[in-house]
Structures are given as structure tokens and as C-alpha cells.
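Please read the structure below before turning to the comments.
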Amino acid sequence: MMRAAPAALSILALFMAFPAAQRAAKSLDIYIVDVEGGNAQLWVTPSGESVLIDTGNAGAAAVRDADRIMAAAKDAGVSQIDHLITTHYHGDHVGGLPELATRIPIKEFIDHGANVQPTPQIDPVLQQYGELAAKAKHTFAKTGTRIPIAGLDWRIVSATAQILKTTLPGAGGPNPYCAGFKRHDVNPVSGGPLGNTEDEQSVASHITFGRFRVLYLADFDWNQEVELMCPNNRIGTVDLFVVSRHGQPSSNSEALVHAIRPRVIIMNNGPRKGGQPAAMNVLLNSPRLEDLWQIHFALLGGQEYTVPGIFIANVEEDATVPLAPLPPAPRGVPAPAAPQHNGPAYWIKVSAQADGSFTVSNARNGFSKTYRAGN
Ligand SMILES: [Zn+2]
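Quick note: the sequence shown, position 56, residue 57 per my numbering, numbers continuous.
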């Protein structure tokens, strides 16, 4: 017994030298952080490699959003961002970067290249972005290529408005949802013109971990969806779809959402951004959908167009939320400021296994649900 002790002790010492997150292994964990209708997703692979997709909002909200991302990083046991993907240069996707960079090292910056939509609001942020990226590894995402991340197959399906022309493995059949597709002449939410905005430049990703598949296209436009998905479905089916454009009806056509047949949809909406009736109709009608999870209760959907509260990470504390959706602001008139939500915020976390099973959990109420492999 005495002779066995030193070996046992050294194994124990080795075991204790690795932090909990690395020892837990095996699952791919995805935190969809509440950045109030912006985007920030922290992905941590079974080997502990981290990918952050976007950094939340700019201006006064940047400190808040950077802190919320750091809370997820702490929960995941992550002490550096190995790869930061900035999908495009709108304030709700890149705005928190300067604040976040003061809190955690970022090893690689991945983006689509030059900004096509300069504005006085975002240009100072992008100045800082450029300075930070110059001190790290800086990679331009190119459609059809992979981002090397151990254990995952991370494929770029669109960037710089160059949409994937080839077919992903296992995909390619005719898409029956193309027939009803109607192109948009204007953005149905803003009333503004369509065209060469940063949204269309979005770095869009398809990610495979074993049998578990995810699609996140960022703010990819409705009219681009038909180019990606018609007449043949180049993407195939996925387990998880993180909605485009925060669940607004300026993206998320049936030709996309119904064809990819997600089992679970997560909507990274804000209180007054995303979740409009037209979008909810498409999402909730998706043929293989088991559950839609929302980052926020959506005032633009009201009590009529919502999922049960158990699937919503952040709820309205005002008990008098009307049944009817909040009417959209008239075209050209800025919507009233969204309700302030600067207090505690909650993420939705996905933990996936290589066999394709995954568990989604709501950090607010502790509710979690497991989706078994093979359904
Ligand atoms: Zn956005």
C-alpha cells in the first residue's frame, strides 16, 4: 500500500492541475449571451478552445455587454479568446470589442475585410478594432473555406456577399420551399433600401461537431437566402439554427428556415428588436421544430407571438404586457428607446455531444431540456 501511494498522489496532482472546464471535456458548449438585440456567442470546444462570435453593442452599452461576455467566459473557465469572429461592422455586433479587449486577451481576429458602410458612430470603434487586430493574428474569412478549430468543422458559407456555390456534405436535394419565395424590394423593417450594407457582408458559418450541426448566418439578408438555398438546398438540415438578424422578418424566409429543418431555434432578440409576428410565423411553423428559445420576451410579438416563459431567458418585469404585438414605429420615425435592461441578464447555454444529442438551458430559471440523438 505504501508503495502505491506516490503514484496515486501524482495522478491526483496531475488531475488537479487542469481546470474544471478542461476536465469536463466531451461537450461543445455555446453561450448565447444577452446583448439586448445585438450578438455575442461564446463557443468552447471539448478541448477548451474558444471562439467568440461578435462582441455586443457600442457606446454606453459596451461596458455592460463586455461584462456579460466575461461572465460567460468565467462560467466556461475560458481565460482567452482563441478566435474572435466579427461577422460584420454594425454597432450591435462589433461595438463591445474595445471594452472586451481590456478584459481578456484575443489571439485571432477573423472578419470579412474592409467595412463597406462607414458611419461616424462606428468608425472610432473600427479604428480601435484595426489597432487591436494588427497586434494579433488577423484572418479574412473566405467563402467555402474552413476556420481551423480542433474537433469542429467550421465552414464559411458566405462572406463579402460571396455566397457558397458548392454543396455541403450530405446536402443538395431540391428545396420545396423555394416555390413561394418573394423577393424584398425594400427592407420590410426599416423601409430602407437593400443593397450593399454591412448586413450582406456577414461572415456566415455552418458548424459541425460530430453529428451535431449548427447554422448561424448573422445578418444575412432575405434576398440572399434564396441564392444560398434555391433551387437546391446547399446546406442540408441542422440541429440548431441561431436566427438571422435577431429574428426580424427582413431575414428568416421559409426557403431558409423550413428547408434546414432545425430541431431547435434560438432567437437572439432584444425587447424591441426581433420576434415580429411575420418572423414568428415562419419560425414556429418550421417542420421539424421541437422548441424555439428566446433571449428576450419580444414586445414586437406581444403575448400572442411568444413561446412560454420557461423558454425565455430575459422577461419583462412589467406585468401588463399586452396580448397584441406592439405596433411598429412609422417609417422614418425612430422607435422609442427600448426598455432599459441593464441589471442582471441571463444567457441560454447549449451543451452538445458528438453523437448529436444536446441540452439547452435557461440561466434565469434553471430550466433545461435534452434533445436526444437521432430524432
Ligand atoms: Zn445585428
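Heads up, the beta-carbon is just placed ideally off N, CA and C, and yes, glycines get one too.
| Query | Result |
| --- | --- |
| Can residue 269 and residue 78 be called in contact, C-beta distance under 9 Å? | no |
| Give the DSSP bridge partners of residue 315, in chain order. | 297 |
| Just tell me which of 127, 273, 49 and 143 has its CA closest to the CA of residue 75. | 49 |
| Can you name, in chain order, every residue of its own chain whose Cβ lies under 8 Å from the Cβ of residue 123, other than the five neighbours on each side? | 59, 90, 91, 92, 95, 96 and 116 |
| Run through DSSP, which three-state label would residue 26 get? | Residue placement at residue 26 cannot be trusted, given a pLDDT of 48 that sits under 50; what the coordinates show is reported in the next sentence. Coil, per DSSP. |
| Just the Cα atoms here: how many angstroms apart are residue 228 and residue 31? | 28 Å |
| Measure how close the beta-carbons of residue 195 and residue 222 come, nearest whole angstrom, since I'm counting them as under 8 Å. | 7 Å |
| In terms of DSSP beta bridges, what is residue 160 paired with? | 163 |
| Classify residue 292 as helix, strand or coil using the three-state DSSP reduction. | strand |
| State whether the stretch 238-258 contacts the stretch 271-285, with contact taken as three or more CB pairs (one from each stretch) at a distance under 8 Å. | yes |
| Taking the C-alpha atoms as reference points, what is the distance between residue 367 and residue 186? | 43 Å |
| Return yes when the C-beta of residue 40 is under 8 Å from any heavy atom of ligand 1, and no when it is not. | yes |
| Please state whether the Cβ-Cβ distance between residue 150 and residue 140 is less than 9 Å. | no |
| Determine the contact status of residue 107 and residue 204, defining contact as a CB-CB distance below 9 Å. | no |
| I need the boundaries of the alpha helix (DSSP H) containing residue 66, first residue and last residue. | 62-77 |
| For residue 1, count the other beta carbons within 10 Å of its own beta carbon; 16 or more makes it buried, fewer makes it exposed. Which is it? | The first residue shown for the chain is 2 and the last is 376, placing residue 1 beyond what the model contains. |
| Please determine if the stretch 349-358 and the stretch 207-218 are in contact, where contact requires at least 3 C-beta pairs separated by less than 8 Å. | yes |
| What do you reckon, is the C-beta of residue 273 under 8 Å from a heavy atom of ligand 1? | no |
| Are residue 182 and residue 265 closer than 9 Å when you measure CB to CB? | no |
| Taking only heavy atoms of ligand 1 into account, decide whether any of them is closer than 8 Å to the Cβ of residue 205. | no |
| Go ahead and label residue 135 buried or exposed: buried means 16 or more other beta carbons lie within 10 angstroms of its beta carbon, across all protein chains shown. | exposed |
| Helix, strand or coil for residue 52 per DSSP? | strand |
| What residues in its chain sit with their C-beta under 7 Å from that of residue 28, if we drop five residues either side in the sequence? | 47, 352, 353 and 354 |
| Report the partner residues of residue 109 according to the DSSP bridge assignment. | 138 |
| Under 8 Å from any heavy atom of ligand 1, does the C-beta of residue 1 make it? | The requested residue 1 does not occur in the structure, where the chain is confined to residues 2 to 376. |
| Given 8 Å as the limit, tell me if residue 262 has its C-beta closer than that to any heavy atom belonging to ligand 1. | no |
| Check whether the Cβ atoms of residue 239 and residue 273 lie closer than 9 Å to each other. | no |
| Between which residues of its own chain and residue 379 is the CB-CB distance below 6 Å, once the five residues before and five after are set aside? | With the chain covering only 2 through 376, there is no way to say anything about residue 379. |
| Looking at the structure shown, is residue 98 part of a helix, part of a strand, or coil, going by DSSP? | helix |
| Could you tell me which whole alpha helix (DSSP H) segments of length 4 or greater appear in the stretch 221-253? | 223-230 |
| Using 8 Å as the cut-off, classify the Cβ of residue 84 as near or not near the heavy atoms of ligand 1, replying yes or no. | no |
| Tell me the rounded alpha-carbon separation between residue 129 and residue 224. | 32 Å |
| Measuring alpha carbon to alpha carbon, tell me which of 275, 52, 125 and 118 ends up nearest residue 99. | 125 |
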